[in-house]
Amino acid sequence: MGTFFIELYTQCAMHNEPLILFFGDRLFLLPFLAVFVFFSLWLTSGSGENQKGEMMNNVHTTPQLPPIDHQPKAYQGPSFEEVAAMRKRYLTPALLTYYKKPLMIVEGHMQYLYDDTGRRYLDGFGGIVTISVGHSHPYVMQKARQQMELLQHTTTIYYHPAIATYGKMLAEKMPGDLSVCYFVNSGSEANDLAMLMARLYTGNYDLVSLRNAYHGGSASTMGLTAHSTWKFNYPHSFGVHHALAPDPYRGPWGRDDPEAGLKYAADVKSLIQHVTPGTVAGFFAEAIQGVGGSVVYPDGYLKHAYAHVREAGGLCICDEVQTGFGRTGEAFWGFEAQGVQPDIVTMAKGIGNGAPLAAVVTTPRIAETLAARIHFNTFGGNPISCTIGKAVLEVLEKENLQQNCLEVGGYMLDGFRTLMDKHDVVGDVRGKGLMTGIELVKDRSTKEPATQECARVWERAKDLGLLVGKGGFYANVLRVKPPMCLTKPDVDFLIEVLDIALGEV
Ligand code: PMP
């Protein structure tokens, strides 16, 4: 069709003849011309919202998502306005909703999401770092469906092969003698259980956590979390003490200081000496602070901090809720980059690719302490979650997704550095693999947080088809943690969008 119109144009131009004469014996082609003209007009008019979003990209220089085969189903549920009204009327007012005009997301396909109008977005946040292998990954869905048709729930009072085989598979992914798994349903539950284990095992009560950490929103884990944003004004944090955040961008020791890890860790020792009885139950730290704005600790930090904690009789607990399962690219677990071996590892989010699955993995000796009573969790380790967990591990391996995080994440970080060269508002870019952040500042020397600017970039990125997270204590960090199946063409789109959005603030 396109060739025909080119020919038509050149013929007319060459012979300087009116269109109707050119058609001559080809009059039968006129209906095709009419359809073409109508379609062009329709695209540039207000109709066909979703197609317009994508097709306008061809007309203008708006960044264009890589083409894919997937066709979203037409959404037929309650309208956007009806959903908004029901949310307002029947759901807790404590819910956080992204964007001035919230999005209603009704379908997902691998690294993409679709709203109720059928518009496609690149998901740069993966359901808050939860989609590991991809939205509605076909293999995971197939396994879940098969299990659902057989058996959904019994609890652990009966044997079931899924929990046993999954426990074995997960334990085989852990270094050293971290080989006993407890399955729960959320990251908060996993950390809550780890708090209990550490206290029971050591006979100590005090715990050390880090400022700028996020470990959960339940009554107990809210104590570990150290952002006023997430802490309600009620008695909290009893027995939990927060050490200096080892943040080489905002903290007193930067990336240029080879001793930074040692110096930040000294604060853990000082805290134990001054605000605890000198003995502690344990130390909680994420491998990279996620909600806190993708803060990567200086080299050696965890090694030194763990040594101080162990000297005070405590256990070292690593929260791999965001960083686990290969997301950091260089290793399967985030702590491996710091050269440490935790006593307890907690995991959630990416473990289940969206299923309510979380786990605590520890050593047989530590696990033994919980045998003093029955520890029960109704949904923990249910056949469906465990089947999904197994399928996720299989896909991670089959599709080489840790390696993909390394390669595509490295490519993305290079892109972020280019953005930093171009836009003064970018104060810092950091991260590992597909666990990254871009911190925005008003002034690179004062590092004054550019909170409003960050919100504008984030909002504009959404308008251009890219969804990313926002975080850090000052809400001035763009958190980019997409599904691990992200591709380089996706990154090209993402960088183009951020370039435009950053250029506008
Ligand atoms: N730990 C970390 C590092 C997290 O990021 C989160 C959630 N953002 C949690 C724990 C709590 O997980 P959940 O919301 O599943 O309770």
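Note that the working numbering has the sequence shown beginning at 16, numbered continuously upward. Backbone N, C-alpha and C define an ideal beta-carbon position, used for all residues, glycine too.
| Asked | Found |
| --- | --- |
| Judging by CA-CA distance, which residue of Asn-248, Asp-443 and Thr-502 is the nearest neighbour of Gly-424? | Thr-502 |
| Under 6 Å Cβ to Cβ from Asp-452, same chain only, skipping five residues before and after it: list those, please. | Position check: residue 452 holds Gly in this sequence, whereas Asp was assumed. Cβ within range, chain order: Gly-308, Ser-309, Arg-445, Gly-446, Val-492 and Arg-494. |
| Would you identify the three-state DSSP class for Ser-194, choosing helix, strand or coil? | coil |
| Using 10 angstroms around the beta-carbon of Pro-398, count the other beta-carbons present and answer buried if the total reaches 16, otherwise exposed. | buried |
| Just to confirm, does Gln-337 get its C-beta within under 6 Å of one of the non-hydrogen atoms of ligand 1? | yes |
| If you check the beta carbons only, do Thr-338 and Met-450 fall under 7 Å apart? | yes |
| Are the segment 278-296 and the segment 192-205 in contact at 8 Å, needing three or more beta carbon pairs? | no |
| Verify whether the separation of the beta carbon atoms of Thr-1 and Asn-219 is less than 7 Å. | Since the first residue shown for the chain is 16 and the last is 520, residue 1 is missing from the structure and cannot be characterised. |
| Might you give, ordered along the chain, the residues of its own chain that have their beta carbon closer than 7 Å to the beta carbon of Arg-432, omitting 5 neighbours on each side? | Val-444 |
| Where does Pro-261 land, buried or exposed, given buried means 16+ other C-beta within 10 angstroms? | buried |
| Any chance the segment 458-467 sits against the segment 385-404, with 3 or more Cβ pairs inside 8 Å? | no |
| Would a C-beta distance cut-off of 7 Å place Thr-361 and Ala-179 closer than the cut-off? | no |
| Given that a residue counts as buried once 16 or more other Cβ atoms are within 10 Å of its Cβ, and exposed if not, what is Glu-335? | buried |
| Between Gly-329 and Ala-296, which are expected to be in contact by the criterion C-beta below 8 Å, what is the C-beta distance as a whole number of angstroms? | 6 Å |
| Is the beta carbon of Tyr-154 closer than 7 Å to that of Val-410? | yes |
| Thr-77: which of His-124, Ala-476 and Leu-286 sits nearest, CA to CA? | Ala-476 |
| For Ala-209, which residues in the same chain have their Cβ closer than 6 Å to its Cβ, ignoring the five residues on either side in sequence? | Ile-332, Ile-359, Thr-361 and Val-375 |
| Which of helix, strand or coil does DSSP assign to Glu-64? | Here Glu-64 scores only 36 on pLDDT, less than 50, and its place in the model should not be relied on; the value that follows carries that caveat. Residue state, collapsed to three classes: helix. |
| Under 6 Å from any heavy atom of ligand 1, does the C-beta of His-230 make it? | yes |
| From the DSSP output, in three-state form, read off Gln-337 for me. | coil |
| Run the CB neighbour count on Arg-214, radius 10 Å, all protein chains shown included, and call it buried at 16 or more, exposed below. | buried |
| Rounded to whole angstroms, what is the Cα-Cα separation between Pro-190 and Gln-356? | 8 Å |
| For Ser-252, tell me which candidate among Tyr-216, Pro-263, Asp-271 and Asp-207 has the shortest Cα-Cα distance. | Asp-207 |
| Among Ser-233, Ala-382, Cys-420 and Gly-266, whose alpha-carbon lies nearest the alpha-carbon of Pro-250? | Ser-233 |
| Between the segment 341-353 and the segment 414-424, do three or more beta carbon pairs fall short of 8 Å? | yes |
| In angstroms with no decimal places, state the Cα-to-Cα distance between Ala-216 and Ala-109. | Residue 216 is actually Tyr in this sequence, not Ala. Roughly 36 Å between the two C-alpha positions. |
| In or out: Ala-352 buried (at least 16 other Cβ within 10 Å) or exposed? | buried |
| Using the three-state DSSP reduction, which class does Gln-79 fall into: helix, strand or coil? | coil |
| Report the three-state DSSP secondary structure of Val-423 (helix, strand or coil). | helix |
| By Cβ distance, which residues of its chain are closer than 8 Å to Met-163, with the 5 residues on each side in sequence left out? | Ile-399 |
| In chain order, what residues of the same chain lie with their CB nearer than 6 Å to the CB of Gly-396, ignoring the 5 residues before and after it? | Thr-171, Ile-178 and Phe-198 |
| Do Leu-517 and Gly-139 have their C-beta atoms closer together than 7 Å? | no |
| Anyone know if the C-beta pair for Gly-123 and Pro-498 falls short of 7 Å? | no |
| Compute every distance between the C-beta of Asp-334 and the non-hydrogen atoms of ligand 1, then say whether any falls below 6 Å. | yes |
| Going by the beta-carbon positions, is the gap between Ser-147 and Gly-365 smaller than 7 Å? | yes |
| Write down every uninterrupted run of the alpha helix (DSSP H) in the segment 230-313 whose length is 4 residues or greater and which is fully enclosed by it, in chain order. | 236-239 and 275-290 |
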